[in-house]
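Asks: The listed protein sequences derive, respectively, from chains P and D. Everything in the first sequence is counted per the working numbering, starting at 17 for the first residue and increasing by one. Everything in the second sequence is counted per the working numbering, starting at 8 for the first residue and increasing by one. Glycine included, every Cβ here is placed at the ideal spot set by N, Cα and C. Okay, handing you the structure first.
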Amino acid sequence: SAVISQKPSRDICQRGTSLTIQCQVDSQVTMMFWYRQQPGQSLTLIATANQGSEATYESGFVIDKFPISRPNLTFSTLTVSNMSPEDSSIYLCSVEKVREETQYFGPGTRLLVL
Amino acid sequence: KQEVTQIPAALSVPEGENLVLNCSFTDSAIYNLQWFRQDPGKGLTSLLLIQSSQREQTSGRLNASLDKSSGRSTLYIAASQPGDSATYLCAVRVHEGGSNYKLTFGKGTLLTVNP
Numbered sequence: 017s018a019v020i021s022q023k024p025s026r027d028i029c030q031r032g033t034s035l036t037i038q039c040q041v042d043s044q045v046t047m048m049f050w051y052r053q054q055p056g057q058s059l060t061l062i063a064t065a066n067q068g069s070e071a072t073y074e075s076g077f078v079i080d081k082f083p084i085s086r087p088n089l090t091f092s093t094l095t096v097s098n099m100s101p102e103d104s105s106i107y108l109c110s111v112e113k114v115r116e117e118t119q120y121f122g123p124g125t126r127l128l129v130l
Numbered sequence: 008k009q010e011v012t013q014i015p016a017a018l019s020v021p022e023g024e025n026l027v028l029n030c031s032f033t034d035s036a037i038y039n040l041q042w043f044r045q046d047p048g049k050g051l052t053s054l055l056l057i058q059s060s061q062r063e064q065t066s067g068r069l070n071a072s073l074d075k076s077s078g079r080s081t082l083y084i085a086a087s088q089p090g091d092s093a094t095y096l097c098a099v100r101v102h103e104g105g106s107n108y109k110l111t112f113g114k115g116t117l118l119t120v121n122p
């Protein structure tokens with residue numbers, strides 16, 4: 017298993033500002049992911065955070081809007097840039113360990129943009 | 008493109024009732040299927056994982072079945088309790104080549120078990 021913490025747990029932000037969300041895992045993991053869950057919607061994969069290289073983004077998500085860092089095997093950040101009310105969502109960090117066929121999820125960051 | 012649908016979107020039952028949650032997916036070429044539970048502020052907890060070659064998995068009062076050819080899975084909860092109240096998510100895992108896998112989620116079923 018993996019224990020994942022996210023900071024902040026929730027925030028209320030003003031339009032046009034940026035927020036950086038941190039994800040910390042208690043053990044080294046091979047894969048780290050960032051998901052978005054908009055109200056009433058399913059979880060949608062934003063990107064895979066790659067250690068030491070640029071993240072791999074899914075269709076519809078771009079680095080300028082969601083820059084991601086992963087400086088080591090246990091930590092990653094997601095920044096939501098130039099926020100608008102449409103960015104109000106829960107953002108979840110997820111990890112996968114080698115030879116395990118499941119992902120573990122953090123508690124999520126609930127973001128409200130006014 | 009894989010799509011996952013969950014029915015019903017919401018369900019309210021009295022305590023003690025047995026219930027079934029449904030999940031369907033459009034592409035049967037899945038690696039496995041997983042049922043998660045989501046509680047507010049607590050992220051997702053994996054309940055059951057069914058490999059593509061398996062038909063069902065059981066854990067306590069939970070039983071999940073998989074019919075890969077028809078693209079369907081059900082989650083059966085026996086003798087429901089108020090503590091079972093949560094959103095239940097179905098997700099299919101697809102191999103995208105090499106070491107890359109992707110999870111596709113349904114929108115979930117919001118379950119309320121009334122005392």
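#1: Taking only beta-carbon atoms, is Ser53(D) less than 8 Å away from chain P?
#2: Is the CB-CB distance between Leu89(P) and Val45(P) below 8 Å?
#3: From the DSSP output, read off the bridge partner residues of Glu112(P).
#4: Span of the beta strand (DSSP E) holding Ala93(D)?
#5: List the DSSP bridge partners of Thr90(P).
#6: What residue range does the beta strand (DSSP E) around Val78(P) cover?
#7: Quick check: is the beta carbon of Phe121(P) nearer than 8 Å to any beta carbon in chain D?
#8: Under 8 Å, Cβ to Cβ, is there at least one residue of chain P near Leu28(D)?
#9: Give a yes or no on contact between the segment 106-121 of chain D and the segment 61-74 of chain D, applying the rule of three or more CB pairs nearer than 8 Å.
#10: Which residues bound the beta strand (DSSP E) around Leu130(P)?
#11: Starting from the beta carbon of Gln41(D), find every residue of chain P whose beta carbon is closer than 8 Å, and list them in chain order.
#12: Measure the C-alpha to C-alpha separation of Val99(D) and Asn98(P) and round it to an integer number of angstroms.
#13: Quick one: grab the DSSP three-state call for Glu63(D).
#14: Is DSSP giving Pro21(D) helix, strand or coil here?
#15: Looking at the secondary structure, which residues open and close the beta strand (DSSP E) in which Ile37(D) lies?
#16: Could you tell me which chain P residues have their CB closer than 8 Å to the CB of Leu73(D), listed as they occur along the chain?
#17: DSSP on Asp74(D), reduced to helix/strand/coil?
#18: Can you give me the Cβ contacts of Gln64(D) inside the same chain, cut-off strictly under 6 Å, excluding the 5 residues immediately before and after it?
#19: If you follow the beta strand (DSSP E) that Val11(D) is in, where does it begin and where does it stop?
#20: Is there at least one Cβ from chain P nearer than 8 Å to Leu56(D)'s Cβ?
#21: Can you check whether the CB of Ser87(D) is closer than 8 Å to the CB of Leu26(D)?
Replies: In brief:
#1: By this cut-off, Ser53(D) is an interface position.
#2: Closer than 8 Å, so yes.
#3: Residue pairing from DSSP places Glu112(P) in a beta bridge opposite Met47(P).
#4: Its beta strand (DSSP E) spans residues 93-102.
#5: Per DSSP, Thr90(P) has no beta-bridge partner at all.
#6: Careful: Val78(P) lies outside any beta strand (DSSP E) and carries neither H nor E.
#7: So, interface residue.
#8: Chain P has no Cβ within less than 8 Å of the Cβ of Leu28(D).
#9: Output reads no: the segment 61-74 of chain D does not touch the segment 106-121 of chain D.
#10: Per DSSP, Leu130(P) is not a residue of any beta strand (DSSP E), being assigned neither H nor E.
#11: The contacting residues are Thr118.
#12: Cα to Cα, Val99(D) sits roughly 33 Å from Asn98(P).
#13: The three-state reading of DSSP puts Glu63(D) in strand, counting E and B together.
#14: Three-state result, Pro21(D): strand.
#15: Annotation for Ile37(D): no beta strand (DSSP E) segment contains it, and DSSP assigns it neither H nor E.
#16: The premise fails here: Leu73(D) is roughly 14 Å from chain P at the closest Cβ pair, so nothing lies under 8 Å.
#17: In the structure shown, Asp74(D) sits in a strand (DSSP, three-state: E or B).
#18: Once the five neighbours on either side are set aside, the close Cβ partners of Gln64(D) are Leu55, Ile57, Ala71.
#19: 11-14 is the span of the beta strand (DSSP E), which, as asked, contains Val11(D).
#20: Leu56(D) has a beta carbon lying within less than 8 Å of a beta carbon in chain P.
#21: In contact: Leu26(D) and Ser87(D) (Cβ atoms closer than 8 Å).
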